[in-house]
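In my numbering, the protein residues as written are 2 to 196.
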């Protein structure tokens with residue numbers, strides 16, 4: 002009986018011992034995929050930054066597309082957060098410049114139209130990709146309203162891609178800051194309360 006009890010204690014104690022782990026070859030491979038990509042620059046000392054290892058679960062090109070899509074959405078959201086505080090349309094439905102309250106005041110038909118619009122843009126992007134176009138700047142643009150992408154040389158294109166990527170990253174941080182400051186007043190020291 003004493004031996005069985007001792008064995009149980011020994012087995013339970015080993016549950017708290019650190020496991021021996023070797024570096025994952027998939028994580029190293031994923032990091033190598035990103036090292037040559039645009040956007041790995043001085044902010045991260047020229048190295049790929051992925052502190053929790055998400056890059057091992059998806060291909061690099063997919064993650065870049067997601068980063069750009071979210072960055073573009075965050076740029077629009079950041080502008081949408083600030084503009085109503087300065088300029089407000091006359092509306093019978095939405096009466097608050099507060100973005101969160103405005104979301105709740107909006108007519109459901111607006112949300113249906115918004116979802117339909119977003120779906121249309123995603124369908125255009127998907128169709129463009131099937132035709133060999135790109136919305137990440139790697140080739141002919143899927144959507145180019147001004148028809149200027151084709152007139153830029155390679156160095157100018159790379160500069161535009163880097164600007165868009167970094168502005169998107171900044172907008173994602175800004176929007177996360179707005180949300181944090183809204184729900185936890187004072188959590189972002191440089192933003193006034195109620196911003």
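All residues carry an ideal CB built from backbone N, CA and C; glycine is no exception.
For clarity, every value in this text was computed on a predicted model and none was experimentally measured.
Residue i (DSSP reduced to helix, strand or coil)
| i | result |
| --- | --- |
| residue 75 | helix |
| residue 43 | helix |
| residue 191 | coil |
| residue 87 | helix |
| residue 107 | coil |
| residue 59 | coil |
| residue 54 | coil |
| residue 95 | coil |
| residue 49 | coil |
| residue 81 | helix |
Selection from the options that minimises the alpha carbon distance to residue i
| i | options | result |
| --- | --- | --- |
| residue 104 | 118, 81 and 123 | 81 |
| residue 132 | 143, 153, 87 and 122 | 143 |
| residue 85 | 99, 77 and 155 | 99 |
| residue 173 | 116, 148 and 70 | 70 |
| residue 183 | 91, 83 and 50 | 83 |
| residue 139 | 163, 46 and 124 | 163 |
| residue 72 | 96, 94 and 40 | 40 |
Length of the line joining the Cα atoms of residue i and residue j
| i | j | result |
| --- | --- | --- |
| residue 146 | residue 175 | 27 Å |
| residue 108 | residue 101 | 14 Å |
| residue 186 | residue 178 | 11 Å |
| residue 194 | residue 169 | 25 Å |
| residue 106 | residue 155 | 46 Å |
| residue 59 | residue 166 | 19 Å |
| residue 46 | residue 54 | 18 Å |
| residue 148 | residue 89 | 32 Å |
| residue 95 | residue 116 | 19 Å |
| residue 192 | residue 171 | 15 Å |
Cβ-Cβ separation, residue j to residue i (assumed contact under 8 Å), whole Å
| i | j | result |
| --- | --- | --- |
| residue 152 | residue 66 | Rounded, the Cβ-Cβ distance is 24 Å, inconsistent with contact. |
Entirely within the region 112 to 185 and at least 4 residues each: give me those alpha helix (DSSP H) ranges in chain order. Runs of the alpha helix (DSSP H) lying entirely within the region 112 to 185 and spanning at least 4 residues, in chain order: 155 to 184.
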